[in-house]
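Chains as they are written, first to last, in the numbering used here: chain P, 1158 to 1302; chain H, 1158 to 1302. C-beta atoms are modelled at their ideal positions from N, C-alpha and C, and glycine is treated no differently. Computed from a prediction, not measured in an experiment: that's the story for all the values here. One structure is given below, encoded as structure tokens.
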DNA sequence: CACAGAATGTAGCGTTGGCTACACTTTCGC
DNA sequence: GCGAAAGTGTAGCCAACGCTACATTCTGTG
Ligand SMILES: [Mn+2]
Ligand SMILES: [Mn+2]
Ligand SMILES: [Mn+2]
Ligand SMILES: [Mn+2]
């Protein structure tokens, strides 16, 4: 017994591949979520604010915002702040809801608040639809108890 | 109410920063875990096997193995397969245990098996010590019911 | 209104982690 | 024991995402 480790090769390759894709989407998700939060909180999302909150240089933030624009998630004119396209808004909505659900589940499992917030920042990007649905069910049942 | 979104700026920057570090460690963790699994299952871990299981080209795998060696996690001589240093073995042990715990928790929450395995592949790298401890407690209590 | 300081943008660099193409070794089958 | 197939390694390319340094634009204060 003990070692049922090692799934079949193609299965394992598919899992790792999907995890890689999820990872590469993560940064954009965080940017879009943050931009949406800033817009909602103050009416504007400026590159420098974004950079400070993400803990990167403003040059890095501006470059990434450029990629968001290229992908149709954001718009911006020079020196005018960043806004989201409808596509970007839609993504932001999904990402924010997922983020909150992940935090809620972690807290429900007894994870301390700040640790939950911390780990959720990374975990959220790897929670697929089936897992998300299970999380929602878990919270609902447990909340009703 | 509704918007207690937006944590304090330094807090948020710290969270994102830690998530970035966790991410950059993720690939090495997966390699080390896989190498350990292969060694245990068959006595050898060959670059081509590693590459196939990760779903990347053998050239990519070899380059990454080079970084593992540089960091003191692995050893290899040309054409002789890859082995782990004691440091690498220790890391593999922790990573494997964490991986299994994450899968177990997801399953306990009602996530279907394959979705759990899939999402755990990414989630595991973002589960800190406090969260890990909470997961273990949760499983123990729930198992005893 | 000028100009100092802040914000924004650009240029150029480095590492990571993908890839393909090609060269070299090892291993196997005959 | 030879030669083909498989495995291994190297070289060179690319994109993403970090950074610093510098140039440009905006803004607000005197
Ligand atoms: Mn995040
Ligand atoms: Mn988030
Ligand atoms: Mn993993
Ligand atoms: Mn794993």
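**Prompt:** Among the residues of its own chain, which have a CB less than 7 Å from the CB of residue 1218 (chain P), if the five just before and after it don't count?
**Reply:** Position 61 of the first chain holds residue 1218 (chain P). Counting only Cβ-Cβ distances below 7 Å, and skipping sequence neighbours, we find 1204, 1207, 1208, 1211.
**Asked** Would you call residue 1236 (chain P) buried or exposed, if buried means 16 or more other Cβ atoms sit within 10 Å of its Cβ?
**Response** Position 79 of the first chain holds residue 1236 (chain P). By the 10 Å Cβ count, residue 1236 (chain P) comes out exposed.
**Asked** How long is the line joining the alpha carbons of residue 1291 (chain H) and residue 1233 (chain P), rounded to whole angstroms?
**Response** The count along the second chain starts at 1 and reaches residue 1291 (chain H) at position 134. The count along the first chain starts at 1 and reaches residue 1233 (chain P) at position 76. Spanning the two alpha carbons is a distance of roughly 43 Å.
**Message:** Using CA atoms only, rank isn't needed, just tell me which of P:1198, P:1187, P:1228, P:1201 is closest to residue 1177 (chain H).
**Reply:** In the second chain, residue 1177 (chain H) corresponds to position 20, counting from 1. Among P:1198, P:1187, P:1228, P:1201, the Cα nearest to that of residue 1177 (chain H) belongs to P:1187.
**Item:** residue 1276 (chain P) to residue 1201 (chain H) span [Cα, whole Å]
**Value:** Along the first chain, one-based indexing puts residue 1276 (chain P) at 119. Along the second chain, one-based indexing puts residue 1201 (chain H) at 44. Approximately 34 Å, taken between the alpha carbons.
**Message:** List, in chain order, every chain H residue whose beta-carbon is nearer than 8 Å to that of residue 1204 (chain P).
**Reply:** Counting from one through the first chain, the residue named residue 1204 (chain P) turns up at place 47. Per Cβ cutoff of 8 Å: no residues; residue 1204 (chain P) is ~14 Å from chain H at best.
**Request:** Return the chain-ordered ranges of every alpha helix (DSSP H) run that is complete within the segment 1256-1285 of chain H and spans a minimum of 4 residues.
**Result:** 1270-1280
**Prompt:** Using a C-beta cutoff of 9 Å, does residue 1175 (chain H) count as contacting chain P?
**Reply:** Start at 1 with the first residue of the second chain, and residue 1175 (chain H) comes out as number 18. Yes, residue 1175 (chain H) counts as interfacial toward chain P.
**Request:** Compile a chain-ordered list of the residues in the segment 1217-1250 of chain H whose CB is closer than 7 Å to at least one CB of chain P.
**Result:** none
**Prompt:** Is there at least one Cβ from chain P nearer than 9 Å to residue 1253 (chain H)'s Cβ?
**Reply:** Numbered from 1 along the second chain, position 96 holds the residue referred to as residue 1253 (chain H). True, the Cβ-Cβ gap to chain P drops below 9 Å.
**Item:** residue 1216 (chain H) - containing alpha helix (DSSP H), residue span
**Value:** Within the second chain, the letter at position 59 stands for residue 1216 (chain H). Residue 1216 (chain H) -> alpha helix (DSSP H) spans 1215-1227.
**Message:** For residue 1285 (chain P), would you say it is in contact with chain H, using Cβ-to-Cβ distances shorter than 9 Å as the test?
**Reply:** The residue given as residue 1285 (chain P) occupies position 128 in the first chain. Judged by the 9 Å Cβ criterion, residue 1285 (chain P) is in contact with chain H.
**Item:** Burial state of residue 1299 (chain H), where buried means 16 or more other Cβ atoms lie within 10 Å
**Value:** Within the second chain, the letter at position 142 stands for residue 1299 (chain H). Burial state of residue 1299 (chain H) is exposed, judged by a 10 Å Cβ sphere holding fewer than 16 other Cβ atoms.
**Message:** Under 8 Å: does the beta carbon of residue 1279 (chain H) sit that close to some heavy atom of ligand 3?
**Reply:** Numbered from 1 along the second chain, position 122 holds the residue referred to as residue 1279 (chain H). Residue 1279 (chain H): yes, Cβ under 8 Å from ligand 3.
**Heavy atom of ligand 1 within 8 Å of residue 1187 (chain P) beta-carbon** = For the purposes of this step, residue 1187 (chain P) is identified with residue 30 of the first chain, where counting begins at 1. It does: the Cβ of residue 1187 (chain P) is within 8 Å (strictly closer) of some heavy atom of ligand 1.
**Request:** Tell me whether the beta-carbon of residue 1278 (chain P) lies closer than 9 Å to the beta-carbon of residue 1283 (chain H).
**Result:** Here residue 1278 (chain P) corresponds to residue number 121 of the first chain, with the count starting at 1. Here residue 1283 (chain H) corresponds to residue number 126 of the second chain, with the count starting at 1. Cβ atoms of residue 1278 (chain P) and residue 1283 (chain H): closer than 9 Å.
**Item:** Top-ranked residue by Cα proximity to residue 1295 (chain P), from H:1242, H:1170, H:1265, H:1197
**Value:** Position 138 of the first chain, counting from 1, holds the residue named residue 1295 (chain P). Closest option to residue 1295 (chain P), Cα to Cα, is H:1265.
**Message:** When you compare the CB positions of residue 1193 (chain H) and residue 1253 (chain H), do they come within less than 9 Å of one another, or not?
**Reply:** Here residue 1193 (chain H) corresponds to residue number 36 of the second chain, with the count starting at 1. Here residue 1253 (chain H) corresponds to residue number 96 of the second chain, with the count starting at 1. Yes.
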